[in-house]
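Asks: Sequence order for the protein chains is A and B. With the first letter of the first sequence counted as 1, position 62 gets the number 1250 in my numbering; the numbers rise by one all the way through. With the first letter of the second sequence counted as 1, position 151 gets the number 157 in my numbering; the numbers rise by one all the way through.
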Amino acid sequence: MELIDFFWIIVKATIVAVALLSFSNLAVLAERKVSSWIQGRVGPNRTSIPILGAIPVIGTGLTKMGLFQPVADGLKLLLKEDPVPAHVNKFYFFLAPIAAMIPAVTTVAVVPVGQIIENGVAVPLVLADLDIGMLFIFAVSALGVYGMILAGWASNSKYPFLGGIRSSAQMISYELSMGLSILPVFMWSNAPGVESGLSLFSVVQNQQFVWGIIFMPISALLFLVSIFAETNRLPFDMPESESELVAGFNTEYGSFKFGLFFAAEYAHIIVGSGIFAALFLGGWHPLPFNPMGWELQPSGLLGALISMGIFLGKTFFVVFFFIWIRWTLPRFRYDQVMKLGWTMMLPLALVNLIVYAIVFAFIDMN
Amino acid sequence: MAIKKIERKPLTLAEKSYLPQIASGLKITLKNIFRPTVTLQYPEERPEIPEGYRGVPTLVKDPNGREKCVSCQLCEFVCPPKAIRITPGELDEESENAHVEKGPKEFEVNMLRCIYCGFCQEVCPEEAIWLQDTFSVSGYTREELVYKKDKLYELGGTLPDDHHKWDKKKAAENSGNPH
Chain A
1189 MELIDFFWII VKATIVAVAL LSFSNLAVLA ERKVSSWIQG RVGPNRTSIP
1239 ILGAIPVIGT GLTKMGLFQP VADGLKLLLK EDPVPAHVNK FYFFLAPIAA
1289 MIPAVTTVAV VPVGQIIENG VAVPLVLADL DIGMLFIFAV SALGVYGMIL
1339 AGWASNSKYP FLGGIRSSAQ MISYELSMGL SILPVFMWSN APGVESGLSL
1389 FSVVQNQQFV WGIIFMPISA LLFLVSIFAE TNRLPFDMPE SESELVAGFN
1439 TEYGSFKFGL FFAAEYAHII VGSGIFAALF LGGWHPLPFN PMGWELQPSG
1489 LLGALISMGI FLGKTFFVVF FFIWIRWTLP RFRYDQVMKL GWTMMLPLAL
1539 VNLIVYAIVF AFIDMN
Chain B
7 MAIKKIERKP LTLAEKSYLP QIASGLKITL KNIFRPTVTL QYPEERPEIP
57 EGYRGVPTLV KDPNGREKCV SCQLCEFVCP PKAIRITPGE LDEESENAHV
107 EKGPKEFEVN MLRCIYCGFC QEVCPEEAIW LQDTFSVSGY TREELVYKKD
157 KLYELGGTLP DDHHKWDKKK AAENSGNPH
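Written out as structure tokens, the structure reads:
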């Protein structure tokens, strides 16, 4: 019996990891497509698979949408020559992409992707429903920066080194405001008499009446900006900043090792978007305002699928928002990033925290 | 020179936060997503070639199907990169104009050398060489890209002609006025 349970956990974990990596592949395609639309171009629409691509409507349509492109991209990254420069520290050079990949795939374990209602009780669809969920995410995703620092240091060359330094400085600056910005959310979900800890599931269930972004807009904004910085997306892509540092921390990497960095970056974005959707966009609750607290999802498997669809839809919208911002804003200068992080975001997050603490104290007193 | 000092208004709180500006930027990029694309799907769609475009030099025939080139070699002489090579020759004995004018036995244009300057077209007294609208030249070997006479005629075709070089003379002869 225990062996079967163990087997099931492995199967589920594999499904989630494979889904995350395929979504990150699709996110790369989405990035290319959305960027081309914003720039008045067409984007990838030629790559095709011999027999499958020739099917009249479906095959040609998929080719037009560029859906065969991720396959070609992945194969290219796998099959290209993998040069290792002579001047690198081999051990850490090989360790860095792995260190970047593992946290990205690990954090997804505690993100609930939906709910299934059994006998009137909502059960989360999640690999591990930890009561320290958010803390686990912070702890593990903070390790992701080690991949970049290691890559920058092990490459033994100037541009990657600068990229690694920048990424560590940026991570430290924004992790503070990130942590502070979501404290009010957990204060609210841990009202007196409720034992919810830092679990993401109970935060989502708490938003059944109203989405977090509506009554905590400042927290949502601070958290959104912080995950932009944490995932190294424009306008905060200091570690890469290709116009200044060639390709930043991954300058010396090629082929599959670069592919790992690439996939990890997009997996980070998807997980970050999922967390934002869970914390502020109401997770699988479809209505921003639902003061009567209607239960809108049927119980059983159908309800589970609907809730997953809603959650993934919100996540993909946030991913789209990431891409949309990328092609709208130019990159900050390095000192501007530091200034924004320390003199704007951090004080604002502190004030936000104190104000909400006082408000919640008043609410709880009555 | 007088210096005019302009009072700059201090930024309002909304402007200092940059958020309204970011929102308006997002609006612009969102609008762009729904605009039609400007891409030309190249091999299937071709750009419109304007009149007077200087593409690949070609040899043309006159409306009667005779070759116009009389192998005077002026184009070979004027060609700055020396891309043209002409081997002059006599016309066929059966031809009406044998011993009257000459024709090229071989006419080569090296497309790897040609700079599309159009001097050959400008200098040609017979208007036999024209730069037309072909703009993409490709081949697998260097030899292939030295265009021979038949290839040049194939590219050139026949252009309308105002001069009717021999027709006028023939008409004059027929009306009893040979000169």
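Glycine included, each C-beta is placed from N, C-alpha and C at the ideal position. Small disclaimer: the values here were computed from a predicted structure and weren't measured.
What residue from A:Pro1258, A:Arg1220, A:Pro1244 and A:Ile1226 has the CA that sits closest to A:Thr1235's CA?
Replies: Nearest option by C-alpha distance: A:Pro1258.
Asks: Pop quiz: A:Leu1412 and A:Leu1538 are said to be a contact at Cβ under 8 Å. What is the actual Cβ separation, rounded to whole angstroms?
Replies: The pair is not a contact, with the Cβ atoms about 18 Å apart (cut-off 8 Å).
Asks: The alpha helix (DSSP H) spanning A:Lys1445 covers which residue range?
Replies: Here the alpha helix (DSSP H) through A:Lys1445 covers Ser1443 to Phe1468.
Asks: By the 10 Å Cβ neighbour count, where 16 or more other Cβ atoms means buried, how is A:Thr1531 classified, buried or exposed?
Replies: With fewer than 16 Cβ atoms within 10 Å of its Cβ, A:Thr1531 is classed as exposed.
Asks: Along chain B, which residues have their Cβ under 7 Å away from the Cβ of A:Thr1531?
Replies: Simply none; closest approach about 12 Å.
Asks: Judging by CA-CA distance, which residue of A:Gly1231, A:Phe1424, A:Met1404 and A:Phe1550 is the nearest neighbour of B:Pro42?
Replies: Closest by alpha carbon: A:Gly1231.
Asks: With 8 Å set as the bound, which would you pick, yes or no: does the beta-carbon of A:Leu1534 sit closer than that to a beta-carbon of chain B?
Replies: Taking Cβ atoms only, chain B never reaches closer than 8 Å to A:Leu1534, which makes this a no.
Asks: Which of the three DSSP states, helix, strand or coil, is assigned to B:Lys67?
Replies: Residue state, collapsed to three classes: strand.
Asks: Can a CB atom of chain A be found closer than 8 Å to the CB of B:Ile39?
Replies: It does: the Cβ of B:Ile39 has a partner Cβ on chain A nearer than 8 Å.
Asks: Specify the secondary structure class of B:Glu107 as computed by DSSP and reduced to three states.
Replies: B:Glu107 falls in the coil class under three-state DSSP.
Asks: The beta strand (DSSP E) spanning A:Ala1310 covers which residue range?
Replies: Unbroken beta strand (DSSP E) run through A:Ala1310: Val1309 to Pro1312.
Asks: With DSSP run on the structure shown, which of helix, strand or coil describes A:Gln1303?
Replies: The answer is strand: DSSP assigns A:Gln1303 an E or B state.
Asks: Which class does B:Arg91 belong to by DSSP, given the choice of helix, strand or coil?
Replies: Strand, per DSSP.
Asks: Secondary structure at B:Thr35, three-state DSSP: helix, strand or coil?
Replies: Here B:Thr35 sits in helix by DSSP.
Asks: Can you tell me where the alpha helix (DSSP H) holding A:Ile1337 begins and where it ends?
Replies: Looking at the DSSP string, the run of the alpha helix (DSSP H) that includes A:Ile1337 is Gly1321 to Ala1342.
Asks: Who are the near neighbours of A:Phe1477 in its chain, counting only those whose CB is closer than 7 Å to its CB and skipping five residues on each side?
Replies: The residues are Val1398.
Asks: Using the C-alpha atoms, what's the distance from B:Ile92 back to B:Pro49?
Replies: Distance between the alpha carbons of B:Pro49 and B:Ile92 is about 34 Å.
Asks: Using 8 Å as the Cβ pair cut-off and three pairs as the minimum, do the region 50 to 62 of chain B and the region 1540 to 1550 of chain A touch?
Replies: Too few Cβ pairs lie closer than 8 Å, so no.
Asks: Give every residue of the same chain whose Cβ lies closer than 7 Å to the Cβ of A:Ser1495, excluding the five residues on either side of it in the sequence, and list them in chain order.
Replies: Cβ neighbours of A:Ser1495 beyond the five flanking positions: Gly1302, Gln1303, Trp1472 and Gln1485.
Asks: Using a Cβ-Cβ distance cut-off of 8 Å, determine whether A:Val1525 contacts chain B.
Replies: No, no contact with chain B.
Asks: Going straight from the alpha carbon of B:Gln127 to that of B:Val106, what length do you get?
Replies: Rounded to whole angstroms, B:Gln127 to B:Val106 spans 23 Å at the Cα level.
Asks: Return the first residue and the last residue of the beta strand (DSSP E) that B:Leu137 is part of.
Replies: Segment Ile135 to Leu137, the beta strand (DSSP E) holding B:Leu137.
Asks: For the alpha helix (DSSP H) that B:Arg148 lies in, which residues bound it at each end?
Replies: Where B:Arg148 is concerned, there is no enclosing alpha helix (DSSP H), given that its DSSP letter is neither H nor E.
Asks: Per DSSP, B:Thr73 is paired with what?
Replies: Looking at the sequence shown, residue 73 of chain B is not Thr but Glu. For B:Glu73, which the question treats as bridged, DSSP gives the partners B:Lys67.
Asks: For the ligand GDP, I want to know if B:Glu21 counts as a neighbour, meaning its beta carbon is within less than 7 Å of at least one of the ligand's heavy atoms.
Replies: The model depicted lacks the ligand GDP and carries no ligand whatsoever.
Asks: Less than 8 Å between the beta carbons of B:Lys171 and B:Asp98, yes or no?
Replies: No, these two residues do not count as a Cβ contact at 8 Å.
Asks: I'd like the span of the alpha helix (DSSP H) that includes A:Gly1491, first residue to last.
Replies: From DSSP, the alpha helix (DSSP H) with A:Gly1491 extends over Gly1488 to Arg1514.
Asks: How many Å lie between A:Gln1358 and A:Ala1330 at the Cα?
Replies: Approximately 11 Å, taken between the alpha carbons.
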